[in-house]
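These notes concern the structure reproduced below.
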Amino acid sequence: MSDLTRDASASDPILRIEEVYTNIAQYHILRGVNLDVPRGGVTMLLGRNGVGKTTTLRSVIGHWRAHKGRILFDGEDITEMPTASIARSGLGFVPEDMGIFADLTVEENMVLAAVSGPIDAARLDWVFEAFPPLKTFWKSEAGNLSGGQKQMLSIARAMIEERKLYMIDEPTKGLAPAIISTMAHSLKDLKNQGASILMVEQNFAVAKALGDTANVMDNGRLIWSGEMAELASDEALQERLMGLSMEAH
Ligand SMILES: Nc1ncnc2c1ncn2[C@@H]1O[C@H](COP(=O)(O)OP(=O)(O)OP(=O)(O)O)[C@@H](O)[C@H]1O
Ligand SMILES: [Mg+2]
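Residue numbers (this note's numbering): 3 to 251.
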């Protein structure tokens with residue numbers, strides 16, 4: 003339990019989820035989630051389909067409201083904070099359904115994502131380097147991009163400003179293998195810049211390559227936390243925690 007009288011310090015987690023319960027309609031979806039995301043590196047949130055991974059991220063950003071428990075972001079209690087304020091305080095969220103504006107151009111999508119002011123030119127160059135198609139299609143409507151390019155735009159929207167934490171829900175979902183490796187490479191680049199990332203990923207090869215720590219959910223709770231390398235090296239453990247829902251590795 004954290005000491006509220008103390009300021010957030012470098013050793014505190016960037017995100018702390020304390021005993022969070024979230025209901026959707028009459029369903030008890032999260033049933034006491036406890037999760038710490040350290041500063042720097044990639045924290046993986048894993049688990050079978052429908053166990054509450056997306057609901058956990060959505061509870062943090064305030065799309066769903068935790069009805070019990072507490073969420074601290076960089077030492078500040080954000081449990082009741084409006085979503086826009088949470089985003090402005092430095093939390094970049096890339097939703098599972100991508101959350102881009104199909105009728106707007108790539109440029110307009112990026113301008114809207116830069117919530118604290120005009121786009122920084124050097125940072126935009128870095129984003130273009132990570133995702134070259136966004137430069138090519140800068141003036142095109144986002145709705146005309148391919149699935150992989152839409153996913154790039156979705157992640158680029160989070161990357162266009164420095165965030166204290168990036169929460170990314172299944173960045174490789176539905177992408178062709180060639181695009182998956184481009185995506186993994188770009189995310190690794192973001193990680194290597196010192197970013198703190200909380201990521202849901204069903205592709206175990208990608209999870210293994212990017213993750214530092216792993217957290218496995220089942221039935222609305224965390225059932226295992228540890229080093230990603232430990233989980234990656236133990237197939238019996240993977241089978242027990244996640245069954246066959248993970249993709250082949
Ligand atoms: N809008 C909603 N209305 C009703 N039930 C919902 C809604 N959204 C999610 N659920 C239910 O909440 C549970 C957890 O869903 P969630 O999307 O968090 O799972 P997940 O772990 O992200 O799964 P996946 O791996 O399939 O993305 C599921 O049983 C789902 O059916
Ligand atoms: Mg999900």
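We put the beta carbon where it would ideally sit given N, CA and C, even for glycine. Predicted model only: the values in this text are computed from it and were never measured.
- Query: Are at least three pairs of beta-carbons, each pair with one atom in the stretch 167-184 and one in the stretch 137-145, less than 8 angstroms apart?
  - Reply: no
- Which runs of the beta strand (DSSP E) spanning at least 3 residues fall entirely within the stretch 11-41, listed in chain order? 17-26, 29-39
- Please state whether DSSP places ARG223 in a helix, a strand or coil. strand
- Message: Count Cβ pairs between the stretch 154-164 and the stretch 40-58 that sit closer than 8 angstroms; are there 3 or more?
- Response: no
- Backbone secondary structure at ARG72 - three-state DSSP: strand
- Neighbour-count burial assignment, ALA216, 16 or more Cβ in a 10 Å radius: buried
- Task: With a threshold of 8 angstroms, establish whether the CB of LYS210 neighbours any heavy atom of ligand 2.
- Result: no
- Task: Please classify SER198: does DSSP put it in a helix, a strand, or coil?
- Result: strand
- Query: Any chance the stretch 60-70 sits against the stretch 218-238, with 3 or more Cβ pairs inside 8 angstroms?
  - Reply: no
- Message: Taking its Cβ as the centre, do 16 or more other Cβ atoms sit within 10 Å of LEU243, making it buried, or is it exposed?
- Response: buried
- Evaluate GLY150 with the Cβ neighbour count: other Cβ atoms within 10 Å of its Cβ, from every protein chain shown; 16 or more gives buried, anything less gives exposed. buried
- CB-CB under 7 angstroms to ILE182, same chain, minus the five flanking residues each way: which ones, in chain order? THR174, ASN205, VAL208
- Message: Taking 9 angstroms as the threshold (C-beta atoms), are ILE102 and LYS166 in contact?
- Response: no
- Message: Closer than 8 angstroms is the cut-off here; do at least three beta carbon pairs connect the stretch 183-192 with the stretch 15-25?
- Response: no
- Span of the alpha helix (DSSP H) around PHE130: 123-132
- LYS55 beta carbon near ligand 1 (any heavy atom closer than 8 angstroms): yes
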